[in-house]
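Novice:
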Ligand code: ATP
Ligand code: MG
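Residue numbers (my numbering): 6 to 361.
1) What distance in whole Å lies between the Cβ atoms of residue 188 and residue 275, which are believed to be in contact at a cut-off of 8 Å?
2) Assuming residue 259 contacts residue 137 (C-beta within less than 8 Å), just tell me the rounded distance between them.
3) Is it the case that the CB of residue 100 approaches a heavy atom of the ligand ATP more closely than 6 Å?
4) Ignore the nearest five residues each way along the sequence and tell me which others in residue 53's own chain have a CB closer than 7 Å to its CB.
5) Any contact between the stretch 316-335 and the stretch 102-109? By contact I mean 3 or more CB pairs, one from each, below 8 Å.
6) Mark residue 248 as exposed unless 16 or more other C-beta atoms lie within 10 angstroms of its C-beta, in which case mark it buried.
7) Cβ of residue 32 within 7 Å of Cβ of residue 358?
8) In chain order, what residues of the same chain have a beta carbon less than 7 Å from the beta carbon of residue 46, not counting five sequence neighbours either side?
9) I need the boundaries of the alpha helix (DSSP H) containing residue 350, first residue and last residue.
10) Could you work out which residue in 143, 207, 196 and 119 is closest to residue 263 when comparing CA atoms only?
11) Going straight from the alpha carbon of residue 74 to that of residue 155, what length do you get?
12) Taking just the CA atoms, how far does residue 7 sit from residue 40?
13) Considering residue 274, what are the terminal residues of the alpha helix (DSSP H) in which it resides?
14) Counting only the same chain and skipping the five closest in sequence on each side, list residues whose C-beta sits under 6 Å from that of residue 226.
15) Taking the continuous alpha helix (DSSP H) assigned at residue 41, which residues delimit it?
16) Using a Cβ distance threshold of 8 Å, determine whether the stretch 152-166 contacts the stretch 286-300, with at least three qualifying pairs required.
17) Under the criterion of a Cβ to heavy atom distance below 6 Å, does residue 16 qualify as lining the ligand ATP?
18) So what's residue 218 in DSSP terms, helix, strand or just coil?
19) To which residues of the same chain is residue 16 closer than 7 Å at the C-beta, ignoring the five residues directly before and after it?
20) In its own chain, which residues sit with a C-beta less than 6 Å from the C-beta of residue 336, not counting the 5 before and 5 after it?
21) Can you give me the Cβ contacts of residue 254 inside the same chain, cut-off strictly under 6 Å, excluding the 5 residues immediately before and after it?
22) Apart from the five residues just before and just after residue 4, which ones in its own chain have a Cβ nearer than 7 Å to its Cβ?
23) Comparing the C-beta of residue 164 with each C-beta of chain D, is any distance below 7 Å?
24) Does any heavy atom of the ligand ATP sit closer than 6 Å to the C-beta of residue 253?
25) Tell me where the alpha helix (DSSP H) around residue 182 begins and ends.
26) Can you list, in chain order, the residues of its chain whose CB lies under 8 Å from that of residue 265, leaving out five sequence neighbours each side?
27) Enumerate, from N- to C-terminal direction, the unbroken alpha helix (DSSP H) stretches of 4 or more residues contained entirely within the stretch 207-259.
28) Nearest by alpha-carbon distance to residue 309: which of 353, 328, 277 and 20 is it?
29) Which first and last residues belong to the alpha helix (DSSP H) in which residue 19 is found?
Now the structure itself:
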């Protein structure tokens, strides 16, 4: 196949880890005879320095005419004092919104060789392999009315409204069921249907969607119980589908179960062009030292192959190369342990490349 990939490395460690993922995608292209065409553009603080805005028009135009976007990270201390609309982080919201990405997929998986690198107990985390599917463009973050209003007595009132339509729930439900089909065929829908009407509708629509996926199990769980079960017995979960706010919270909770933030990829999908990025930020404290872990970004490239291009065999090849490299004892500093070999960012990328 032929695909155009927009490469937005951004700031901080983004500039070091994105080239490693590009290297891996190039190798996959050669090995499996796909033509991947890479075009780079500026985003975040780097774009502010060059043209004064975090998300330049040409970057957005490039993203829109590409088949997928690979993103590093944005932000850093240099741009922290800027007003809200000019902050590097605005670029992330801007690009997700402009591309119409309503589904955020975050796998949280414990690699067998990293179980002991976690601060949590082996009994709890061994074998965790969860995919959190979060609705990204609706719910309480966007529902109207919203705002802060002055009351006659001089006090103020802050308002947000949780709103979901059947169509918004249906489409995120489908993403979850499709994803579950490629996995262990179990969807757990998270809601607060005992209290919230929007959740009552959420639950009803999920039951409707499941009828088109008779091979996939559907379970329902209240969000408070989900938060508890994630730390008590996380292995019970395969795909968790959540509204915007519950997904925001639970995806961070699930991520932290697995140890290093440097290992975790993400995909934002739902429209023509998907966006693939590590869950971590620009990590200014370690930027420029060739010590950042590139695995989250390389795994994000793997998600791109699977979710944007339906190249499952190729995505699996990346996954296997990561596992093999960890098996061989290669570790970046953030995941080092006894009897391991600590390497830098580029060396980790090279080792994964060899294991492809
Ligand atoms: P943001 O606000 O941009 O979401 P943050 O400032 O909360 O992010 P990160 O930039 O993700 O956090 O960094 C959090 C910590 O994790 C830092 O100590 C950083 O060095 C570490 N970290 C992040 N990414 C990596 C990586 N790829 N490899 C190793 N360590 C990392
Ligand atoms: Mg940061």
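Glycine residues also receive a C-beta, built at the ideal position from the N, C-alpha and C atoms.
Predicted model, so just to flag it, every value in this text is computed and none were measured.
Specialist: Quick answer:
1) That belief does not hold up - the Cβ atoms of residue 275 and residue 188 are roughly 19 Å apart, past 8 Å.
2) 5 Å
3) no
4) So the qualifying residues of the chain are 59, 84, 91 and 93.
5) no
6) buried
7) It is a contact, given that the beta carbons lie within the stated cut-off.
8) 11, 13, 63, 64 and 67
9) 350-360
10) 119
11) Spanning the two alpha carbons is a distance of roughly 42 Å.
12) 5 Å
13) Counting along the chain, residue 274 falls outside any alpha helix (DSSP H), though it belongs to the beta strand (DSSP E) covering 270-274.
14) 193 and 195
15) Not the alpha helix (DSSP H): residue 41 falls in the beta strand (DSSP E), residues 40-45.
16) no
17) Relative to the ligand ATP, the beta carbon of residue 16 is positioned no closer than 6 Å to any heavy atom.
18) coil
19) 49, 50, 51, 78, 79, 80, 81, 93 and 287
20) 345 and 347
21) Excluding sequence positions up to five before and after residue 254, its CB lies less than 6 Å from no other CB in the same chain.
22) No answer is possible for residue 4: it lies beyond the span of the chain, which begins at 6 and ends at 361.
23) The structure shown contains no chain D, having only a single protein chain.
24) No, the beta carbon of residue 253 sits no closer than 6 Å to any heavy atom of the ligand ATP.
25) 171-186
26) 119, 122, 298, 339 and 340
27) 228-237
28) 277
29) 19-37
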